[in-house]
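> Those protein sequences? They're chains A and B, same order as listed. To convert, note that position 423 of the first sequence is 422 in numbering that gives the first Met the number 0; the numbers rise steadily by one, no gaps. To convert, note that position 480 of the second sequence is 479 in numbering that gives the first Met the number 0; the numbers rise steadily by one, no gaps. Quick one: structure below, then a few questions.
2 protein chains.
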Amino acid sequence: MLRTHTCGELSLKDVNQEVVLCGWVQRVRDKGGMIWLDLRDRYGLTQLLFEEGKTPAEVLDIARSLGREFVISAKGAVIERLSKNDKIATGDIEIRVTKLQILNAAKLPPFLIEDETDGGDDIRMKYRYLDLRRNAVRKNLQLRHQVARHTRAYLDNLDFIEVETPVLIKSTPEGARDFVVPSRMNPGEFYALPQSPQTFKQLLMVGGFDRYYQIVKCFRDEDLRADRQPEFTQIDCEMSFVTQEDILNTFEGLIRSLFKEVKGITLDEVPRMTYADAMRLYGSDKPDTRFAMQFVELKGQEQDLTSGKGFGVFDNAGMVVGIAAPGCAEYTRKQVDELTEWMKRPQIGSKGLVYVRYNTDGSVKSSVDKFYSEEDLKKWIVAFDAKPGDLILLVADNADKARKQLNELRLEMGSRLGLRNPDDYKVLWVLDFPLLEFGEAENRWFAMHHPFTSPKPEDIDLLDTNLGQVRANAYDMVINGVEVGGGSVRIFAKELQQKMFEILGFSAEEAQEQFGFLMNAFEFGAPPHAGIAFGFDRLCSIFGGADSIRDFIAFPKNNSGRDVMIDSPSHISDGQLKELSIRVDQA
Amino acid sequence: MLRTHTCGELSLKDVNQEVVLCGWVQRVRDKGGMIWLDLRDRYGLTQLLFEEGKTPAEVLDIARSLGREFVISAKGAVIERLSKNDKIATGDIEIRVTKLQILNAAKLPPFLIEDETDGGDDIRMKYRYLDLRRNAVRKNLQLRHQVARHTRAYLDNLDFIEVETPVLIKSTPEGARDFVVPSRMNPGEFYALPQSPQTFKQLLMVGGFDRYYQIVKCFRDEDLRADRQPEFTQIDCEMSFVTQEDILNTFEGLIRSLFKEVKGITLDEVPRMTYADAMRLYGSDKPDTRFAMQFVELKGQEQDLTSGKGFGVFDNAGMVVGIAAPGCAEYTRKQVDELTEWMKRPQIGSKGLVYVRYNTDGSVKSSVDKFYSEEDLKKWIVAFDAKPGDLILLVADNADKARKQLNELRLEMGSRLGLRNPDDYKVLWVLDFPLLEFGEAENRWFAMHHPFTSPKPEDIDLLDTNLGQVRANAYDMVINGVEVGGGSVRIFAKELQQKMFEILGFSAEEAQEQFGFLMNAFEFGAPPHAGIAFGFDRLCSIFGGADSIRDFIAFPKNNSGRDVMIDSPSHISDGQLKELSIRVDQA
Numbered sequence: 000m001l002r003t004h005t006c007g008e009l010s011l012k013d014v015n016q017e018v019v020l021c022g023w024v025q026r027v028r029d030k031g032g033m034i035w036l037d038l039r040d041r042y043g044l045t046q047l048l049f050e051e052g053k054t055p056a057e058v059l060d061i062a063r064s065l066g067r068e069f070v071i072s073a074k075g076a077v078i079e080r081l082s083k084n085d086k087i088a089t090g091d092i093e094i095r096v097t098k099l100q101i102l103n104a105a106k107l108p109p110f111l112i113e114d115e116t117d118g119g120d121d122i123r124m125k126y127r128y129l130d131l132r133r134n135a136v137r138k139n140l141q142l143r144h145q146v147a148r149h150t151r152a153y154l155d156n157l158d159f160i161e162v163e164t165p166v167l168i169k170s171t172p173e174g175a176r177d178f179v180v181p182s183r184m185n186p187g188e189f190y191a192l193p194q195s196p197q198t199f200k201q202l203l204m205v206g207g208f209d210r211y212y213q214i215v216k217c218f219r220d221e222d223l224r225a226d227r228q229p230e231f232t233q234i235d236c237e238m239s240f241v242t243q244e245d246i247l248n249t250f251e252g253l254i255r256s257l258f259k260e261v262k263g264i265t266l267d268e269v270p271r272m273t274y275a276d277a278m279r280l281y282g283s284d285k286p287d288t289r290f291a292m293q294f295v296e297l298k299g300q301e302q303d304l305t306s307g308k309g310f311g312v313f314d315n316a317g318m319v320v321g322i323a324a325p326g327c328a329e330y331t332r333k334q335v336d337e338l339t340e341w342m343k344r345p346q347i348g349s350k351g352l353v354y355v356r357y358n359t360d361g362s363v364k365s366s367v368d369k370f371y372s373e374e375d376l377k378k379w380i381v382a383f384d385a386k387p388g389d390l391i392l393l394v395a396d397n398a399d400k401a402r403k404q405l406n407e408l409r410l411e412m413g414s415r416l417g418l419r420n421p422d423d424y425k426v427l428w429v430l431d432f433p434l435l436e437f438g439e440a441e442n443r444w445f446a447m448h449h450p451f452t453s454p455k456p457e458d459i460d461l462l463d464t465n466l467g468q469v470r471a472n473a474y475d476m477v478i479n480g481v482e483v484g485g486g487s488v489r490i491f492a493k494e495l496q497q498k499m500f501e502i503l504g505f506s507a508e509e510a511q512e513q514f515g516f517l518m519n520a521f522e523f524g525a526p527p528h529a530g531i532a533f534g535f536d537r538l539c540s541i542f543g544g545a546d547s548i549r550d551f552i553a554f555p556k557n558n559s560g561r562d563v564m565i566d567s568p569s570h571i572s573d574g575q576l577k578e579l580s581i582r583v584d585q586a
Numbered sequence: 000m001l002r003t004h005t006c007g008e009l010s011l012k013d014v015n016q017e018v019v020l021c022g023w024v025q026r027v028r029d030k031g032g033m034i035w036l037d038l039r040d041r042y043g044l045t046q047l048l049f050e051e052g053k054t055p056a057e058v059l060d061i062a063r064s065l066g067r068e069f070v071i072s073a074k075g076a077v078i079e080r081l082s083k084n085d086k087i088a089t090g091d092i093e094i095r096v097t098k099l100q101i102l103n104a105a106k107l108p109p110f111l112i113e114d115e116t117d118g119g120d121d122i123r124m125k126y127r128y129l130d131l132r133r134n135a136v137r138k139n140l141q142l143r144h145q146v147a148r149h150t151r152a153y154l155d156n157l158d159f160i161e162v163e164t165p166v167l168i169k170s171t172p173e174g175a176r177d178f179v180v181p182s183r184m185n186p187g188e189f190y191a192l193p194q195s196p197q198t199f200k201q202l203l204m205v206g207g208f209d210r211y212y213q214i215v216k217c218f219r220d221e222d223l224r225a226d227r228q229p230e231f232t233q234i235d236c237e238m239s240f241v242t243q244e245d246i247l248n249t250f251e252g253l254i255r256s257l258f259k260e261v262k263g264i265t266l267d268e269v270p271r272m273t274y275a276d277a278m279r280l281y282g283s284d285k286p287d288t289r290f291a292m293q294f295v296e297l298k299g300q301e302q303d304l305t306s307g308k309g310f311g312v313f314d315n316a317g318m319v320v321g322i323a324a325p326g327c328a329e330y331t332r333k334q335v336d337e338l339t340e341w342m343k344r345p346q347i348g349s350k351g352l353v354y355v356r357y358n359t360d361g362s363v364k365s366s367v368d369k370f371y372s373e374e375d376l377k378k379w380i381v382a383f384d385a386k387p388g389d390l391i392l393l394v395a396d397n398a399d400k401a402r403k404q405l406n407e408l409r410l411e412m413g414s415r416l417g418l419r420n421p422d423d424y425k426v427l428w429v430l431d432f433p434l435l436e437f438g439e440a441e442n443r444w445f446a447m448h449h450p451f452t453s454p455k456p457e458d459i460d461l462l463d464t465n466l467g468q469v470r471a472n473a474y475d476m477v478i479n480g481v482e483v484g485g486g487s488v489r490i491f492a493k494e495l496q497q498k499m500f501e502i503l504g505f506s507a508e509e510a511q512e513q514f515g516f517l518m519n520a521f522e523f524g525a526p527p528h529a530g531i532a533f534g535f536d537r538l539c540s541i542f543g544g545a546d547s548i549r550d551f552i553a554f555p556k557n558n559s560g561r562d563v564m565i566d567s568p569s570h571i572s573d574g575q576l577k578e579l580s581i582r583v584d585q586a
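This is how it looks when you write it as structure tokens:
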């Protein structure tokens with residue numbers, strides 16, 4: 000090794016020892032007679048000391064020639080510092096350097112390699128290898144390694160076996176868009192990159208593997224929104240001879256173990272909520288349960304406390320639903336107007352926002368006083384179980400739209416009221432998803448999870464009568480309002496699988512061509528099985544208390560799917576295209 | 000869980016316990032009044048017992064309806080067996096079944112799910128999910144999991160950090176052919192799949208990560224020979240602030256640890272051999288050192304014991320080189336002729352084979368007696384340090400060809416003499432590879448390892464004078480004649496890297512376009528670094544004592560790069576092609 004120690008490990012117990020350190024020059028303070036230099040590596044910072052008269056002249060000369068980010072090797076004795084720094088692990092000591100070597104010079108980096116950098120997103124992506132030197136980014140990747148390590152430890156311990164499934168597979172029209180790979184040896188044919196190893200893990204169950212996992216790259220050629228990556232990583236899992244309950248317990252165990260090992264947090268028991276309740280109480284299938292502010296329907300399936308008073312907006316709406324924002328009764332008119340405008344933006348599309356102030360003095364004031372008596376409003380307050388000081392905010396629309404809008408408002412109010420602390424973790428299972436959802440544009444049914452998801456046995460008859468009512472044995476894990484994982488009990492009988500493909504609009508031939516191998520496999524003794532997959536990048540970002548997954552990926556792509564560091568994708572040669580039997584056709 | 004136990008864990012201590020097992024019907028023996036059924040899962044076999052008069056009639060009916068590979072659930076009490084089977088872990092007990100349920104029926108599988116199967120390669124690949132049920136295949140994948148697990152444990156323990164590098168990268172003309180992926184969002188542009196994460200791991204070193212590893216899928220679009228796969232897995236590693244010696248020690252440690260943990264074998268210290276010696280003594284850069292039979296050059300750089308005696312074949316050859324096959328002096332003329340023919344096949348291309356029998360009675364007999372006196376031949380015997388009973392086999396050609404041919408003969412003789420026991424492991428480091436090799440066809444120099452490999456510092460001046468003589472700080476690990484890993488100390492100075500690209504025929508512009516990001520990175524403080532990558536599939540096959548890597552991959556492709564199970568690659572729709580701005584062009 001070119002070094003005897005790292006820059007993070009020396010302390011008073013090492014005083015007088017001769018050491019060699021290697022690393023990057025973080026900063027140099029030249030006070031004339033004395034020079035201090037902070038040397039940095041992955042493990043920490045160590046201060047180097049150069050002193051006129053004591054340090055050899057040629058070493059001083061080299062020290063004075065160093066710039067930021069030079070890579071150096073320094074030899075010297077560990078000494079106790081006069082003025083100690085208790086902010087860093089090595090703050091009690093410094094190195095009196097006797098030998099100094101420049102291993103590699105460095106041009107001035109285009110942004111500061113500090114916790115607080117002056118580099119914008121674009122420049123940091125272009126020079127990602129410099130960004131990786133920053134503590135923040137390095138710690139994110141170290142966290143990622145820890146999450147992976149403890150995931151494997153937990154699953155290995157339960158007799159799961161990690162099996163690698165292929166990356167070059169087959170394109171299927173169901174689901175998101177595939178990335179494809181032209182085959183040179185099979186001209187005119189293409190592989191596809193997997194959106195998930197779904198069918199392969201099911202085949203592993205048919206193959207008797209019984210408990211499988213894989214931390215695996217997956218690919219989706221979707222239009223990228225902020226924080227979506229064309230390649231992403233999943234913790235992919237499947238089990239045989241289990242019920243939904245076994246999956247929930249096993250993977251609640253995984254998450255509890257990760258919180259314990261990685262964050263030192265002992266989780267409460269993970270509550271469970273049906274999809275129907277989640278939509279009713281939060282207007283979302285991934286509610287943020289760090290705070291309550293549950294929906295109350297003044298007009299809905301259960302009751303109608305709004306109609307017949309002459310307020311057309313409510314009278315004509317399918318649903319009037321609201322939240323009670325605690326302590327917000329004192330919002331000014333301006334604040335309420337601003338909220339109303341926020342709700343009316345096209346991204347949310349509310350037609351308006353009705354408020355009821357429940358003042359601390361017990362009085363009530365509303366924007367619809369004209370239509371509703373104080374007695375009416377008091378009934379609303381009772382329905383909300385509101386407290387003096389609450390501000391009730393109401394939207395009216397058809398049920399789907401009203402819930403969607405109010406979900407946004409609830410999250411916004413949660414943020415404004417500081418109820419969404421990233422260090423507070425609320426984990427939730429959402430259960431009993433609908434099996435199918437109707438695509439208005441395509442005028443057909445789609446699988447809400449995927450076509451291999453089993454309907455609830457008690458709902459199977461509904462497949463012939465009321466597709467929209469069929470519930471699936473499907474489940475999502477939600478942390479702080481983010482879906483981190485999801486899965487389902489799978490179909491394992493050929494007939495039911497065929498029926499599902501039929502419902503999804505596959506002809507028998509199409510189903511056979513695309514998924515024949517799986518349906519054939521079901522005929523040779525497929526066990527009951529179920530599984531789950533976690534979004535690994537997302538899980539890491541939540542453990543890191545961050546919003547963006549990009550910070551937890553070593554070399555992410557931008558929103559155009561481009562790696563600006565290596566400048567990819569790029570053109571390839573005509574020779575390559577010819578070998579692959581394809582032509583570019585930018586019509 | 001649908002079961003209380005697996006089929007591999009019950010024993011006498013569980014007698015009288017009521018259990019539920021799930022699994023596949025391995026076989027049924029119906030002796031009229033008694034039926035025995037072997038139930039199989041991933042963990043083992045357990046015998047189920049059904050008895051006329053004791054077992055409920057409806058259970059007997061179901062039992063009689065079962066076929067091979069039916070998936071069943073059986074409930075009953077554990078009882079001691081009358082006739083025990085000490086070949087299986089559960090051989091002392093059986094289950095007296097009281098409840099039996101068919102979870103899924105099975106068609107008769109197209110081949111026997113037994114250790115010795117009647118299924119050929121093709122049918123087993125098509126029904127890989129059934130092949131996976133066989134012990135042999137399952138154990139290979141379990142071994143693979145163990146090798147991965149212990150690799151991670153060893154490296155984690157040394158502060159290595161696993162970092163995922165991208166799969167959608169950029170095509171580069173150097174090296175093997177890339178698989179490419181058309182970018183929909185960047186029409187006319189393509190990603191490439193990585194042949195290895197080489198440049199990314201070097202950038203991680205520039206980013207200060209210092210000790211990196213990854214067990215990672217890599218891709219090469221090469222014409223497939225037996226036992227090459229278009230996608231394969233590497234254990235990819237890189238370290239900063241190290242010398243070659245540190246890499247050799249760290250990864251010798253990895254291999255020793257794997258042998259210990261996975262195989263229970265304590266390895267001897269791993270010997271080291273230069274490339275030059277490997278070629279001289281074995282005619283190969285990956286010698287099988289389980290046996291000696293080293294080459295002796297009768298005519299070569301050191302000596303010439305053959306010329307001037309009127310034997311034109313030897314006189315005109317650049318090299319006469321041979322091996323002494325122990326105990327083979329008694330080979331019949333027919334056997335020697337057969338060996339000669341074997342050597343003259345086009346795959347080897349020898350012009351002939353000269354033999355010298357050193358009989359046990361001390362007499363000498365050769366196919367070139369006519370030209371060489373007994374005294375001449377005795378000198379050869381001394382040169383070989385041959386023992387009575389040895390058969391010396393000689394080839395003559397230019398040095399490269401002669402060595403290549405003799406390498407094949409040596410391995411063949413090793414096999415024939417039973418000297419290549421798969422349970423005997425000899426690990427070897429081969430060092431000091433040439434930096435460059437000349438491509439006659441292309442009339443230019445190629446990097447023997449890759450363009451990022453550092454020349455030996457003492458050979459750097461030769462870059463200007465004698466490219467063929469420059470040795471690299473590159474190393475391979477060889478086990479039993481198979482290269483399992485290789486790596487090098489890397490170039491970390493921009494100027495040297497530029498010079499390498501120049502030598503390899505890149506124009507300055509091409510080098511900048513393809514690898515500019517790396518050379519730029521070298522300007523911002525790149526540390527000295529070095530690394531290695533192991534072929535994970537190959538390593539697993541060696542640990543499994545097998546020749547083929549295919550048996551250690553869950554879903555391998557055939558020699559045309561085709562997955563015959565899912566029938567991939569396949570055609571994609573015109574709509575997909577259009578979205579990707581490409582057209583198939585099978586001109």
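C-beta: ideal position from N, C-alpha, C; glycine also. Quantities reported herein were computed from a predicted structural model and do not represent experimental measurements.
Tell me whether the segment 221-228 of chain B and the segment 247-260 of chain B touch, counting them as touching only if at least three CB pairs, one residue from each stretch, are closer than 8 Å.
No, because fewer than three Cβ pairs between the segment 221-228 of chain B and the segment 247-260 of chain B fall closer than 8 Å, the two stretches do not touch.
> Taking one C-beta from the segment 231-248 of chain B and one from the segment 556-573 of chain B each time, how about it: are there three or more such pairs within less than 8 Å?
Result no; under three Cβ-Cβ pairs closer than 8 Å.
> Can you find a CB in chain A that lies within less than 8 Å of the CB of residue 0 of chain B?
For residue 0 of chain B, the answer is yes, since a Cβ of chain A falls inside 8 Å of its Cβ.
> Give the residues of chain A in contact with residue 520 of chain B, contact being defined as C-beta atoms less than 7 Å apart.
Result: 128.
> Report yes or no: do the segment 401-412 of chain B and the segment 269-283 of chain B share at least 3 C-beta pairs separated by less than 8 Å?
Segments in contact, yes.
> What separation, rounded to the nearest whole angstrom, lies between the Cα atoms of residue 456 of chain B and residue 433 of chain B?
Taking the straight line joining both Cα atoms gives about 13 Å.
> Pick helix, strand or coil for residue 539 of chain B, following the three-state DSSP scheme.
Residue 539 of chain B falls in the helix class under three-state DSSP.
> DSSP puts residue 39 of chain A in a beta bridge; with which residues?
DSSP output for residue 39 of chain A lists A/23 and A/44 as bridge partner(s).
> Rounded to whole angstroms, what's the CA-CA distance from residue 266 of chain A to residue 258 of chain A? Just pull it up for me.
Whole-angstrom Cα-Cα distance: 7 Å.
> Among B/387, B/388 and B/404, which one has its Cα closest to the Cα of residue 394 of chain B?
Measuring from the Cα of residue 394 of chain B, the nearest candidate turns out to be B/404.
> At least one CB of chain A closer than 8 Å to the CB of residue 108 of chain B: is that the case?
Cβ-Cβ to chain A under 8 Å: yes for residue 108 of chain B.
> So, at 7 Å on beta carbons, what are the nonlocal neighbours of residue 14 of chain B in its own chain, with the 5 sequence-adjacent residues on each side left out?
Cβ neighbours of residue 14 of chain B beyond the five flanking positions: 77, 78, 79 and 92.
> Short check: CB of residue 96 of chain B to CB of residue 45 of chain B, under 8 Å?
No; because the gap between Cβ atoms is not below 8 Å, this pair is not in contact.
> With distance defined between alpha-carbon atoms, name the residue in B/560, B/478, B/519 and B/525 nearest to residue 543 of chain B.
When only C-alpha atoms are compared, the closest one is B/478.
> In whole angstroms, what is the alpha-carbon distance linking residue 551 of chain A and residue 539 of chain A?
Roughly 7 Å between the two C-alpha positions.
> Can you tell which of A/369, A/295 and A/275 has its C-alpha closest to the C-alpha of residue 310 of chain A?
Residue A/369 is the option with its Cα nearest to residue 310 of chain A.
> Under 7 Å Cβ to Cβ from residue 242 of chain A, same chain only, skipping five residues before and after it: list those, please.
Same-chain partners within the cutoff: there are none.
> According to the neighbour-count rule (16 or more other Cβ atoms, all chains shown, within 10 Å of its Cβ), is residue 364 of chain B buried or exposed?
Answer is exposed; the Cβ neighbour count stays below 16.
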